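Enquirer:
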Amino acid sequence: MNSEKSVLVSGIPIGGKHPIVIQSMVNTILSDKEKTLKQIELLKDEGCQLIRIAYSDRKFYNDFKYIIDNATMPVIADIHFDYKLAIEAIEAGASKIRINPGNIKKRNLVSIIKAAKTNKVPIRIGVNSGSLESELLMKYGHPVPEALVESAVNAVRFFENNDFDNIIISIKSSDVTFMYKANIILKEQIPYPIHLGVTEAGGIIRGTVKNSAGIASLLLNGVGDTIRISLSASPIEEIKIAKMLLKSLHLYENAPDIIACPTCSRTTFDVISMQSEIEKIFSRSDKNITIAIMGCVVNGPGEAKEADFGITGTTSQCILFKKGEIIFTGNKDAVLEKLYKEVEKNEKN
Ligand code: SF4
Numbered sequence: 059m060n061s062e063k064s065v066l067v068s069g070i071p072i073g074g075k076h077p078i079v080i081q082s083m084v085n086t087i088l089s090d091k092e093k094t095l096k097q098i099e100l101l102k103d104e105g106c107q108l109i110r111i112a113y114s115d116r117k118f119y120n121d122f123k124y125i126i127d128n129a130t131m132p133v134i135a136d137i138h139f140d141y142k143l144a145i146e147a148i149e150a151g152a153s154k155i156r157i158n159p160g161n162i163k164k165r166n167l168v169s170i171i172k173a174a175k176t177n178k179v180p181i182r183i184g185v186n187s188g189s190l191e192s193e194l195l196m197k198y199g200h201p202v203p204e205a206l207v208e209s210a211v212n213a214v215r216f217f218e219n220n221d222f223d224n225i226i227i228s229i230k231s232s233d234v235t236f237m238y239k240a241n242i243i244l245k246e247q248i249p250y251p252i253h254l255g256v257t258e259a260g261g262i263i264r265g266t267v268k269n270s271a272g273i274a275s276l277l278l279n280g281v282g283d284t285i286r287i288s289l290s291a292s293p294i295e296e297i298k299i300a301k302m303l304l305k306s307l308h309l310y311e312n313a314p315d316i317i318a319c320p321t322c323s324r325t326t327f328d329v330i331s332m333q334s335e336i337e338k339i340f341s342r343s344d345k346n347i348t349i350a351i352m353g354c355v356v357n358g359p360g361e362a363k364e365a366d367f368g369i370t371g372t373t374s375q376c377i378l379f380k381k382g383e384i385i386f387t388g389n390k391d392a393v394l395e396k397l398y399k400e401v402e403k404n405e406k407n
């Protein structure tokens, strides 16, 4: 969507004018292959496009290869420290690898680059403050955003000097303002796609706030090509939130948007339970429509007229609108059933 260059990860384009790609990580043990493959399948059904797996020990090689061979989406290998694991992952068929060049000797990086080039596998260069080079720490005093950007750019130049440009970059932090500033500066200096994320963001509520604050502000500034919402929660929640976040920025088409009024003392029907039911009913829908739930017949229909469908009501009945016109009235269950049928036949998607 935003970077000058784009890369292909097993046929999925990242960067350039392409849509933002949603990814996550499995949290299963690799030796439990079937559980891992099941989680990958569930994540794909939810809307995940790329799955990253920590490949941490060669004792898992056969499991890892089996998972790569049977996964329903491209697998990215997440590698720390051991360059041989990176080469093994590439040879096992990983669609992309993620390494931190700060943790790997230069001559070993050259071996990884060679394997990636031979197998046409992109590499994500992931930089973080824990592995900042000593000369940059001396220069900046602390691992400030500028230091991490310089570290990332130095790594990019090393890859380019080794005739390799199949690159994605990330600078992540658990601090939202840090990752925001670092990625804004990074975008000015490199043409490659950028992977966005806020690490160690926390549980569902705090983690959603931190991820959304950091990722959305960057995407609105034209920075970022692929995202992972990091949560101390099920990866399925990460995908739901990623989709909602992109939808709220008009960067995602395959899901509905649901608007609901905040309620006030004019409220004449139960907006909160209606909103909750509609969220459930359409949680897996791929329809590119907007549904508004408004709490009163006085202001609701007018405020919701831009939506494809609107629901409001009184204490005795609910009212369904389509493009601002009433099309049905009835009790809650009847209106929900009618809404579902209308959305299903809607051709906007
Ligand atoms: Fe209040 Fe009606 Fe506005 Fe809801 S739509 S916030 S009930 S005025």
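Take 59 as the starting number for the sequence shown in my numbering and just add one per residue. Built from N, CA and C at the ideal position, the CB exists for glycine as well. Only a predicted model underlies this, so the values are computations on that prediction, with no experimental measurement involved.
(1) Could you check the C-alpha separation between Ala362 and Ile351 for me, to the nearest Å?
(2) Which of the three DSSP states, helix, strand or coil, is assigned to Pro71?
(3) Reducing DSSP to helix, strand and coil, say where Lys403 ends up.
(4) Can you find the residues in the same chain that come closer than 8 Å, C-beta to C-beta, to Ile125, ignoring five residues on each side of it along the sequence?
(5) Please go through the same chain and pick out, in chain order, the residues whose beta-carbon is closer than 7 Å to the beta-carbon of Ile248, but skip the five residues on each side of it.
(6) What beta strand (DSSP E) runs, 3 residues minimum, are completely inside the region 171-211?
(7) Around ligand 1, which residues pass a check of Cβ closer than 6 Å to any of its heavy atoms?
(8) Please specify which runs of the beta strand (DSSP E), each continuous and at least 3 residues long, are wholly inside the region 105-183, giving them in chain order.
(9) Anyone know if the C-beta pair for Phe340 and Gly371 falls short of 8 Å?
(10) Please specify which runs of the beta strand (DSSP E), each continuous and at least 3 residues long, are wholly inside the region 322-363, giving them in chain order.
(11) What runs of the beta strand (DSSP E), each 3 residues or longer, lie entirely inside the region 224-298?
(12) With a threshold of 16 other CB atoms inside 10 Å of the CB of Gly358, please say whether the residue is buried or exposed.
(13) Do you know whose CA, among Ala259, Val329, Arg324, Ile316, lies nearest Glu296's CA?
(14) Thr94 by DSSP, collapsed to three states: which one?
(15) Please classify Asp283 as buried or exposed, where buried requires at least 16 neighbouring CB atoms within 10 angstroms.
(16) What number of angstroms, rounded off, separates the C-alpha of Ser292 from the C-alpha of Thr266?
(17) Go ahead and pull the three-state DSSP assignment for Phe222.
(18) Locate the beta strand (DSSP E) running through Leu378, then write down its first and last residues.
(19) Spatial neighbours of Gly333 within its chain, please: C-beta separation below 6 Å, excluding the five flanking residues on both sides.
(20) Kindly say whether Val234, judged by its beta-carbon, lies nearer than 8 Å to any beta-carbon of chain C.
(21) Rounded to whole angstroms, what's the CA-CA distance from Thr130 to Lys154? Just pull it up for me.
(22) Quick one: measure Cβ to Cβ for Gly151 and Ser189, integer angstroms, because I've assumed they're closer than 8 Å.
(23) State yes or no: is the C-beta of Lys410 within less than 8 Å of the C-beta of Thr257?
(24) Check whether the Cβ atoms of Lys245 and Val281 sit closer than 8 Å, and answer yes or no.
Expert: The short version:
(1) 8 Å
(2) strand
(3) helix
(4) Leu88, Lys91, Thr94, Leu95, Ile98, Ile111, Val133
(5) Val211, Val214, Ile227
(6) Complete beta strand (DSSP E) runs here, min 3: 181-185.
(7) The set, ordered by position in the chain, is Cys319, Pro320, Thr321, Cys322, Arg324, Thr325, Met352, Gly353, Cys354, Asn357, Gly358, Glu361.
(8) 108-112, 133-136, 154-157
(9) No. Outside cutoff.
(10) 348-351
(11) 225-229
(12) buried
(13) Ala259
(14) helix
(15) buried
(16) 13 Å
(17) coil
(18) Per DSSP, the unbroken beta strand (DSSP E) holding Leu378 starts and ends at 376-380.
(19) Note on residue identity: the sequence assigns Gln, not Gly, to residue 333. Cβ within range, chain order: Ala318, Ile351.
(20) The structure shown contains no chain C; it is built from a single protein chain.
(21) 15 Å
(22) Wrong, their Cβ atoms sit about 27 Å apart, outside the cutoff.
(23) There is no way to answer for residue 410, as the model of the chain reaches only from 59 to 407.
(24) yes
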